[in-house]
Amino acid sequence: MAIEVRIPTILRSYTGGAKVVEGAGDTLGELLTDLDSRHGGLKGRLVTEAGALHRFVNVYVNDEDVRFLGALDAKLNDGDSITILPAVAGGAFGFAAAAAIGSHKLSTVVESGHPVPDVAR
Amino acid sequence: MARYDSLLDACGGTPLVGLPRLSPTAPEGAPPVRLWAKLEDRNPTGSIKDRAALFMVRAAEEAGQLRPGDTILEPTSGNTGISLAMVAKLRGYRLVCVMPENVSTERVQLLRMYGAEIIFSPAAGGSNQAVATAKQIAAEHPDWVMLYQYGNEANARAHYETTGPELLHDLPTITHFVAGLGTTGTLMGTGRYLREKVEGVQVVAAEPRYGELVYGLRNIDEGYVPELYDATVLSRRFSVGTRDAVLRTRQLVEVEGIFAGFSTGAILHAALAVAHEAVRAGRRADVAFVVADGGWKYLSTGAYGGTLADAEEALDGQLWA
Ligand SMILES: Cc1ncc(COP(=O)(O)O)c(C=O)c1O
Numbered sequence: 191m192a193i194e195v196r197i198p199t200i201l202r203s204y205t206g207g208a209k210v211v212e213g214a215g216d217t218l219g220e221l222l223t224d225l226d227s228r229h230g231g232l233k234g235r236l237v238t239e240a241g242a243l244h245r246f247v248n249v250y251v252n253d254e255d256v257r258f259l260g261a262l263d264a265k266l267n268d269g270d271s272i273t274i275l276p277a278v279a280g281g282a283f284g285f286a287a288a289a290a291i292g293s294h295k296l297s298t299v300v301e302s303g304h305p306v307p308d309v310a311r
Numbered sequence: 113m114a115r116y117d118s119l120l121d122a123c124g125g126t127p128l129v130g131l132p133r134l135s136p137t138a139p140e141g142a143p144p145v146r147l148w149a150k151l152e153d154r155n156p157t158g159s160i161k162d163r164a165a166l167f168m169v170r171a172a173e174e175a176g177q178l179r180p181g182d183t184i185l186e187p188t189s190g191n192t193g194i195s196l197a198m199v200a201k202l203r204g205y206r207l208v209c210v211m212p213e214n215v216s217t218e219r220v221q222l223l224r225m226y227g228a229e230i231i232f233s234p235a236a237g238g239s240n241q242a243v244a245t246a247k248q249i250a251a252e253h254p255d256w257v258m259l260y261q262y263g264n265e266a267n268a269r270a271h272y273e274t275t276g277p278e279l280l281h282d283l284p285t286i287t288h289f290v291a292g293l294g295t296t297g298t299l300m301g302t303g304r305y306l307r308e309k310v311e312g313v314q315v316v317a318a319e320p321r322y323g324e325l326v327y328g329l330r331n332i333d334e335g336y337v338p339e340l341y342d343a344t345v346l347s348r349r350f351s352v353g354t355r356d357a358v359l360r361t362r363q364l365v366e367v368e369g370i371f372a373g374f375s376t377g378a379i380l381h382a383a384l385a386v387a388h389e390a391v392r393a394g395r396r397a398d399v400a401f402v403v404a405d406g407g408w409k410y411l412s413t414g415a416y417g418g419t420l421a422d423a424e425e426a427l428d429g430q431l432w433a
């Protein structure tokens, strides 16, 4: 069974530059293992050593976030379309820039490691 | 109520309107499935962000972190800047916005009109470049105050205290709430409130899926999740591509006469998905979704006319929400 997987720019070094690859598996975990057999190292960028999806990786099955569908145990079907994207907040820009400024002067560091100013807490 | 002491007092209290033509038709005898639009473009500067801007400025004032004449610095690709510019003007602050150069010209013109100063960060290089530009500015101006909407609890609280109660008051039978996911403030605040009050309510996120430029990180570890985000508040989360967002934005104005921005199209796409699921399951549903802003600021993109493929191309590399 064939499942189409869209690969983000930063992970295409693992797919020989391919934007879209195909794989198989009854669950997302199985699909990633299958992909890793042909694109060595890919799974390690998406799944932590503890066996969970990386915090800054979002995976969508038919446009729906897989974390709400069982994460790595999410069931897949033939013809499903998977999209992998790095987590960037609503356009990334504001958040990235704000986090950078926060770390400079106006802030204290919170647990997540991202700096926020006092008023933000 | 239709009379207010000032523009700031006219924030919120937006209409919730039914969409009888866009709501899916349930079969004879099956329970009804209805879509409802919360018209957040009816806020003082025309977007949902007025609520967050007002609450964040008030919270900073109450905490003694903002004093008259202070300068507020906010990196923003649009609506939050416009809302803050209005609030800053009325409450006596100066506003400096850092924006990527690939936002629509209307947003730039609006910000300047409200009196905000703008510093552009180059579009090329995506968020990495934005980080560099922002760092430089902060280093040069250590006394500027940043409200930091991505981690500011007053952003989510604005929706916990206003958007949520308004929805429940107007639609006590609500089963689903669907909104856009940027800072996550709308969904966290409204979602928490509704979950406390409405058993089994579904809180559904729609996030825009942009062109590749926006995801141009060098490394996965450079990713960001806003501090405000708590996944346990959400029931589901959809990623909506440009084509679907444009299609739904056009459908909303063609079928129901509501002229909205493209993030609303993405939200409607998710709302229709859950509404159609309810019909298939034979369940009653009252699906309320957010119209985050009107379409005016996006007209110059040209994406309201022409083919969907043209529109998709026109929006490629733009931050359309
Ligand atoms: C037009 C539009 N839609 C949706 C959103 C997302 O809302 P929030 O930041 O509360 O998650 C924003 C702001 O980020 C916006 O400007």
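In order, the protein sequence lines correspond to chains F and L.
Residues 191 to 311 (this note's numbering) are what the first sequence spells out, left to right.
Residues 113 to 433 (this note's numbering) are what the second sequence spells out, left to right.
Using N, Cα and C, we set each Cβ at its ideal position, and we do this for glycine too.
What you are looking at is a predicted structure, and each value in this text was computed from that prediction instead of being measured.
- Query: How should Pro234 (chain L) be labelled, buried or exposed, when 16 other C-beta atoms within 10 angstroms of its C-beta is the threshold for buried?
  - Reply: Numbered from 1 along the second sequence, position 122 holds the residue referred to as residue 234 (chain L). Its Cβ having fewer than 16 others within 10 Å, Pro234 (chain L) is exposed.
- Item | heavy atom of ligand 1 below 6 Å from Gly193 (chain L) C-beta | The count along the second sequence starts at 1 and reaches residue 193 (chain L) at position 81. Not a single heavy atom of ligand 1 lies less than 6 Å from the C-beta of Gly193 (chain L).
- Query: Is Thr295 (chain L) near ligand 1, with its Cβ less than 6 Å from a heavy atom?
  - Reply: As a first step, residue 295 (chain L) is located in the second sequence; it is residue number 183 there, counting from the start. Thr295 (chain L): yes, Cβ under 6 Å from ligand 1.
- Message: Between Val337 (chain L) and chain F, is the shortest Cβ-Cβ distance under 7 Å, so that the two count as touching?
- Response: Here residue 337 (chain L) is taken as the residue at index 225 of the second sequence, counted from 1. It does; some Cβ of chain F falls within 7 Å.
- Under 7 Å between C-beta atoms of Asp162 (chain L) and Cys123 (chain L): Working through the second sequence from its first residue, we reach residue 162 (chain L) at position 50. Working through the second sequence from its first residue, we reach residue 123 (chain L) at position 11. Pairing Asp162 (chain L) with Cys123 (chain L) gives a Cβ-Cβ distance under 7 Å.
- Message: For Asp263 (chain F), tell me which candidate among F:Gly219, F:Ala277 and F:Gly213 has the shortest Cα-Cα distance.
- Response: As a first step, residue 263 (chain F) is located in the first sequence; it is residue number 73 there, counting from the start. Put simply, of F:Gly219, F:Ala277 and F:Gly213 the residue whose alpha carbon is nearest the alpha carbon of Asp263 (chain F) is F:Gly219.
- Residue interval of the alpha helix (DSSP H) (run including Gln221 (chain L)): On the second sequence, residue 221 (chain L) is found 109 positions in, with the first residue counted as 1. Segment Thr217 to Met225, the alpha helix (DSSP H) holding Gln221 (chain L).
- Item | Terminal residues of the beta strand (DSSP E) in which Thr273 (chain F) lies | Locating residue 273 (chain F) in the first sequence gives position 83, where the first residue counts as 1. Start and end: Ser271 to Pro276.
- Asp405 (chain L) in three-state terms, based on DSSP: For this step, residue 405 (chain L) is matched to residue 293 along the second sequence. Three-state DSSP puts Asp405 (chain L) in a strand.
- Is any beta-carbon of chain L found at less than 7 Å from that of Val299 (chain F)? The residue you call residue 299 (chain F) lines up with position 109 of the first sequence. Below a pLDDT of 50, predicted positions are generally treated as unreliable, and Val299 (chain F), at 30, falls in that range; the measurement from the model is reported next regardless. No - not a single Cβ of chain L is within 7 Å of the one on Val299 (chain F).
- Item | Proximity to Ala397 (chain L) [Cα-Cα], best of L:Gly323, L:Val313, L:Leu380 and L:Val403 | Looking up residue 397 (chain L) in the second sequence gives position 285. Checking every option, the nearest Cα to that of Ala397 (chain L) belongs to L:Val313.
- Beta-bridge partners of Ile332 (chain L), as assigned by DSSP: Here residue 332 (chain L) is taken as the residue at index 220 of the second sequence, counted from 1. According to DSSP, Ile332 (chain L) bridges with nothing at all.
- Item | Backbone CA spacing between Val358 (chain L) and Cys209 (chain L) [nearest angstrom] | Along the second sequence, read from residue 1 onward, the residue named residue 358 (chain L) stands at position 246. Along the second sequence, read from residue 1 onward, the residue named residue 209 (chain L) stands at position 97. Those two C-alpha atoms are separated by around 27 Å.
- Item | Segment limits, alpha helix (DSSP H) that includes Gly297 (chain L) | Stepping through the second sequence from its first residue, residue 297 (chain L) is reached at position 185. Membership of Gly297 (chain L) in the alpha helix (DSSP H) is indicated by the continuous run Gly297 to Lys309.
- Evaluate Asn267 (chain F) with the Cβ neighbour count: other Cβ atoms within 10 Å of its Cβ, from every protein chain shown; 16 or more gives buried, anything less gives exposed. Start at 1 with the first residue of the first sequence, and residue 267 (chain F) comes out as number 77. Exposed, because fewer than 16 other Cβ atoms sit within 10 Å of the Cβ of Asn267 (chain F).
- Query: Is Asp405 (chain L) near ligand 1, in the sense that its beta carbon is under 6 Å from a heavy atom of that ligand?
  - Reply: Along the second sequence, one-based indexing puts residue 405 (chain L) at 293. The beta carbon of Asp405 (chain L) sits closer than 6 Å to at least one heavy atom of ligand 1.
- Message: Going by the DSSP bridge assignment, what does Trp256 (chain L) pair with across the sheet?
- Response: Working through the second sequence from its first residue, we reach residue 256 (chain L) at position 144. Answer by DSSP bridge pairing: none, since Trp256 (chain L) is not bridged.
- Message: Would Glu212 (chain F) pass as an interface residue toward chain L - the criterion being a Cβ-Cβ separation below 7 Å?
- Response: Looking up residue 212 (chain F) in the first sequence gives position 22. With a threshold of 7 Å between beta carbons, Glu212 (chain F) makes no contact with chain L.
- Euclidean distance between Cα positions of Val257 (chain L) and Gln177 (chain L): In the second sequence, residue 257 (chain L) corresponds to position 145, counting from 1. In the second sequence, residue 177 (chain L) corresponds to position 65, counting from 1. Cα to Cα, the separation comes out at about 8 Å.
- Query: Relative to the C-alpha of Ala208 (chain F), which residue among F:Ala214, F:Leu225, F:Asp216 and F:Thr217 is closest?
  - Reply: Taking the first residue of the first sequence as 1, we reach residue 208 (chain F) at position 18. Ranking F:Ala214, F:Leu225, F:Asp216 and F:Thr217 by Cα distance to Ala208 (chain F) puts F:Leu225 first.
- Message: Is any non-hydrogen atom of ligand 1 found closer than 6 Å to the C-beta of Gly263 (chain L), if you look at the structure I gave you?
- Response: Within the second sequence, the letter at position 151 stands for residue 263 (chain L). Not so, every heavy atom of ligand 1 lies at least 6 Å from the Cβ.
- For Arg115 (chain L), does the count of other Cβ atoms within 10 angstroms reach 16, so buried, or fall short, so exposed? As a working note, residue 115 (chain L) is residue 3 in the second sequence. Arg115 (chain L) comes out exposed.
- Message: Comparing C-alpha positions only, which one of L:Tyr262, L:Leu384 and L:Ser347 sits nearest to Glu186 (chain L)?
- Response: Here residue 186 (chain L) refers to the residue found at position 74 of the second sequence. Out of L:Tyr262, L:Leu384 and L:Ser347, L:Tyr262 has the C-alpha closest to the C-alpha of Glu186 (chain L).
- Could you tell me which residues DSSP pairs with Asn248 (chain F) in its beta bridges? The residue given as residue 248 (chain F) occupies position 58 in the first sequence. Answer is F:Leu275.
- Message: For His271 (chain L), count the other beta carbons within 10 Å of its own beta carbon; 16 or more makes it buried, fewer makes it exposed. Which is it?
- Response: Along the second sequence, read from residue 1 onward, the residue named residue 271 (chain L) stands at position 159. Flag for His271 (chain L) reads buried.
- Query: Are the stretch 358-367 of chain L and the stretch 386-397 of chain L touching, with three or more C-beta to C-beta distances below 8 Å?
  - Reply: no
- Query: Ordered along the chain, which non-local residues of its own chain (more than five positions away) have a Cβ less than 6 Å from that of Val290 (chain L)?
  - Reply: Your numbering for residue 290 (chain L) matches position 178 in the second sequence. Around Val290 (chain L): Val316, Ile379, Ala382, Ala383 and Phe401.
- Message: For a test of the three-state rule: what should DSSP assign to Leu147 (chain L), helix, strand or coil?
- Response: For the purposes of this step, residue 147 (chain L) is taken as residue 35 along the second sequence, with counting starting at 1. Correct three-state label for Leu147 (chain L): strand.
- Residues in its own chain within less than 6 Å of Leu306 (chain L) by CB, not counting five upstream and five downstream? As a first step, residue 306 (chain L) must be located in the second sequence, where it is residue number 194. So the qualifying residues of the chain are Gly276, Phe289 and Val313.
- Task: With Val199 (chain L) as the anchor, note down where its alpha helix (DSSP H) starts and where it stops.
- Result: The residue given as residue 199 (chain L) occupies position 87 in the second sequence. Run containing Val199 (chain L): Asn191 to Arg203, per the alpha helix (DSSP H) assignment.
- Three-state secondary structure assigned by DSSP to Glu213 (chain L): Within the second sequence, the letter at position 101 stands for residue 213 (chain L). If DSSP states are grouped into helix, strand and coil, Glu213 (chain L) belongs with coil.
- Residues of chain L with a CB under 8 Å from the CB of Thr273 (chain F): which are they? Here residue 273 (chain F) refers to the residue found at position 83 of the first sequence. Ordered by position in chain L, the residues that pass the 8 Å Cβ test against Thr273 (chain F) are Arg321 and Ser351.
- Item | With 16 other Cβ atoms within 10 Å as the buried cut-off, status of Arg245 (chain F) | In the first sequence, the residue the question calls residue 245 (chain F) occupies position 55. Label assigned to Arg245 (chain F): exposed.
- Query: With a cut-off of 7 Å, does the C-beta of Ile194 (chain L) fall near any C-beta of chain F?
  - Reply: One-based indexing of the second sequence puts residue 194 (chain L) at position 82. No, its Cβ sits nowhere closer than 7 Å to a Cβ of chain F.
- Check whether the Cβ of Arg206 (chain L) lies closer than 7 Å to any Cβ atom in chain F. The count along the second sequence starts at 1 and reaches residue 206 (chain L) at position 94. Judged by the 7 Å Cβ criterion, Arg206 (chain L) is not in contact with chain F.
- Item | Partners in chain L for Glu254 (chain F), counting only beta-carbon separations shorter than 8 Å | Here residue 254 (chain F) corresponds to residue number 64 of the first sequence, with the count starting at 1. Within 8 Å Cβ-Cβ: Arg348, Arg349, Phe350 and Ser351.
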